[in-house]
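A.B. asks: Once you've had a glance at the structure underneath, I'll fire off some questions.
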Amino acid sequence: LPQDGRLTIKTTEKEIDVRVSILPTIYGEKIVMRLLDKTGFAFNLESLGLEKELYQIFKKVIARPYGMIIASGPTGCGKSTTLYASLKEIKNDLINITTVEDPVEYHLDGINQVQVFEHIGLTFGASLKFILRQDPDILLVGEIRDQETADIAIKFSLTGHLVFSTLHANDAVSTITRLLDLGVPPFLVGACVKLVMAQRLVRKICSHCREEYDPSDEELKLVGLNRKRLNGKKLHQAKGCRECRNTGYLGRTGIFELIPMTRKVRALIYDNANEDEIRSCALEEGMVNMRESGLRKILDGNTTIKEVLRITMEDI
33 LPQDGRLTIK TTEKEIDVRV SILPTIYGEK IVMRLLDKTG FAFNLESLGL EKELYQIFKK
93 VIARPYGMII ASGPTGCGKS TTLYASLKEI KNDLINITTV EDPVEYHLDG INQVQVFEHI
153 GLTFGASLKF ILRQDPDILL VGEIRDQETA DIAIKFSLTG HLVFSTLHAN DAVSTITRLL
213 DLGVPPFLVG ACVKLVMAQR LVRKICSHCR EEYDPSDEEL KLVGLNRKRL NGKKLHQAKG
273 CRECRNTGYL GRTGIFELIP MTRKVRALIY DNANEDEIRS CALEEGMVNM RESGLRKILD
333 GNTTIKEVLR ITMEDI
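For the sequence shown, position 217 (counting from the first letter as 1) is numbered 249 according to the numbering used here, and the numbering increases by one without interruption.
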């Protein structure tokens with residue numbers, strides 16, 4: 033049978049938490065291990081990779097005392113890291129913060145963390161019902177998986193509390209329609225959701241073997257850049273070295289898509305507008321999509337055209 037588990041590896045320098053997934057295949061057991069480095073891991077907003085403009089918007093929204101903030105994207109795209117960094121930014125001794133997670137990935141000082149155990153009936157929904165009696169000021173719901181969880185999270189944000197959560201969706205706009213598909217009424221989505229942020233992780237160019245180069249016109253066209261926007265600037269790539277194991281990349285950073293929940297965007301949600309209508313309005317209202325966020329990372333010398341294309345092909 034398929035199995036999930038976790039273990040901890042301790043060395044003289046590090047403590048690694050390993051999440052293990054085992055799946056029987058026709059060729060034998062397939063094992064995937066996710067490594068979480070718990071040693072000296074600092075959750076802070078500055079390290080996420082948000083551009084200055086998006087960073088200021090995000091920081092302003094999470095400082096509000098109520099509402100709902102949703103991070104979306106596929107598994108392993110850094111959603112939990114973003115939410116942990118948000119909690120660390122706003123926590124203090126006067127705020128009661130509680131999380132419900134499956135699993136608890138990192139232990140956070142000064143925060144009440146609850147582990148979901150669905151096999152004994154301790155689901156997200158069941159946990160939330162009890163947690164609401166614990167008088168939390170801020171709630172983090174690890175993932176909204178069903179209508180029950182969505183309803184509780186939305187209603188909690190309506191009563192003057194701040195709620196963070198995640199959804200599996202391709203982009204920021206489809207996150208909104210996903211909530212609607214779960215049965216949350218449009219007027220509640222429009223009233224409660226203060227910010228939706230979709231994200232992906234791109235590999236960073238290795239700083240040890242990084243070098244300038246002049247991209248071809250074909251490369252620029254493929255990713256949506258041109259000579260005018262480059263304004264004579266060179267791009268960067270890396271040839272590979274011992275530090276990056278000859279990959280040319282070392283570390284990762286985020287690219288983000290934030291929806292500004294303006295009056296026009298809310299009005300479209302209330303009117304059950306489709307994704308294309310909401311997306312067009314959001315872009316007019318200042319939304320930076322994933323591809324544009326990636327282009328800025330390219331121009332800043334943080335990543336490559338190839339890497340942004342790999343992550344954002346659907347934005348073409």
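Every residue gets a Cβ at the ideal spot worked out from N, C-alpha and C, and that includes glycine.
No experiment lies behind these values; they were computed from the predicted model shown.
Among K187, D167, N202 and Y138, which one has its Cα closest to the Cα of G174?
C.D. replies: Nearest of K187, D167, N202 and Y138 to G174, Cα basis: Y138.
A.B. asks: Tell me the rounded alpha-carbon separation between V102 and V136.
C.D. replies: Checking the sequence, you will find Ile at residue 102 rather than Val. Approximately 18 Å between the Cα atoms of the pair.
A.B. asks: Which same chain residues end up closer than 8 Å to L33 when comparing Cβ atoms and leaving out the 5 residues on each side of it in sequence?
C.D. replies: Result list for L33: P56, in chain order.
A.B. asks: Could you tell me the alpha carbon to alpha carbon distance between A185 and R323, rounded to whole angstroms?
C.D. replies: One C-alpha to the other measures close to 30 Å.
A.B. asks: Quick check on the DSSP output: the beta strand (DSSP E) that includes I337 runs from which residue to which?
C.D. replies: Here I337 belongs to no beta strand (DSSP E); instead the alpha helix (DSSP H) covers I337 to T344.
A.B. asks: Can you give me the Cβ contacts of K70 inside the same chain, cut-off strictly under 6 Å, excluding the 5 residues immediately before and after it?
C.D. replies: E47 and D49, listed in sequence order.
A.B. asks: Checking 8 Å against the spacing of the C-beta atoms, do A230 and A270 come in under that value?
C.D. replies: Contact flag unset, no.
A.B. asks: Kindly confirm or deny that the stretch 100-118 and the stretch 238-254 touch, where touching means at least three C-beta pairs closer than 8 Å.
C.D. replies: As far as the Cβ criterion goes, the stretch 100-118 does not touch the stretch 238-254, which means the pair count is below three.
A.B. asks: So does the stretch 234-243 actually touch the stretch 301-320, counting three or more Cβ pairs closer than 8 Å?
C.D. replies: Output reads no: the stretch 301-320 does not touch the stretch 234-243.
A.B. asks: For E307, count the other beta carbons within 10 Å of its own beta carbon; 16 or more makes it buried, fewer makes it exposed. Which is it?
C.D. replies: Classification for E307: exposed.
A.B. asks: In the DSSP output, which residue or residues are listed as bridge partners for E136?
C.D. replies: It should be noted that the sequence gives Val, not Glu, for residue 136. Answer by DSSP bridge pairing: none, since V136 is not bridged.
A.B. asks: Using a Cβ distance threshold of 8 Å, determine whether the stretch 118-138 contacts the stretch 251-260, with at least three qualifying pairs required.
C.D. replies: Result no; under three Cβ-Cβ pairs closer than 8 Å.
A.B. asks: Starting from the Cα of V64, find the closest Cα among F75, R51, I58 and F219 and give me that residue.
C.D. replies: The residue with the shortest Cα to Cα distance from V64 is R51.
A.B. asks: In the DSSP assignment, find the beta strand (DSSP E) that holds G283 and state where it starts and stops.
C.D. replies: Element bounds for G283: Y281 to P292.
A.B. asks: Grab the span of the beta strand (DSSP E) containing T57 for me, first residue to last.
C.D. replies: E47 to T57 is the extent of the beta strand (DSSP E) around T57.
A.B. asks: If you draw a straight line from the C-alpha of K296 to the C-alpha of E83, how long is it?
C.D. replies: Taking the straight line from one Cα to the other gives about 24 Å.
A.B. asks: Return the chain-ordered list of same chain residues with a C-beta closer than 6 Å to the C-beta of I356, the five sequence neighbours on each side being excluded.
C.D. replies: The chain is shown from 33 up to 348; residue 356 falls before or after that span and cannot be answered.
A.B. asks: Pull the bridge partners of E180 from the DSSP assignment, please.
C.D. replies: E180 is not bridged to any residue.
A.B. asks: Can you round the beta-carbon distance between L290 and A204 to whole angstroms, since I take them to be within the 8 Å contact cut?
C.D. replies: Rounded, the Cβ-Cβ distance is 7 Å, consistent with contact.
A.B. asks: Please identify the residue among P218, E150, T209 and L160 whose C-alpha is closest to the C-alpha of L199.
C.D. replies: That would be T209, whose Cα lies nearest to the Cα of L199.
A.B. asks: Please state whether DSSP places G352 in a helix, a strand or coil.
C.D. replies: Given a span of 33 to 348 for the chain in the structure shown, any question on residue 352 remains unanswerable.
A.B. asks: Would you call the CB atoms of K329 and V320 closer than 8 Å?
C.D. replies: Cβ atoms of K329 and V320: not closer than 8 Å.
A.B. asks: Between the stretch 217-231 and the stretch 263-283, are three or more C-beta pairs nearer than 8 Å?
C.D. replies: Short answer: they don't touch.
A.B. asks: Would you kindly work out how many angstroms separate the C-alpha atoms of G25 and A305, rounded to a whole number?
C.D. replies: No answer is possible for residue 25: it lies beyond the span of the chain, which begins at 33 and ends at 348.
A.B. asks: Spatial neighbours of P168 within its chain, please: CB distance less than 6 Å, with the 5 preceding and 5 following residues excluded, ordered by chain position.
C.D. replies: Result list for P168: N128 and T130, in chain order.
A.B. asks: Whole angstroms are fine: how far does the CA of L171 sit from the CA of R66?
C.D. replies: Answer to the nearest angstrom: the Cα atoms are 26 Å apart.
A.B. asks: Any idea if K42 is buried or exposed, counting beta-carbon neighbours within 10 angstroms, 16 or more meaning buried?
C.D. replies: Result: exposed.
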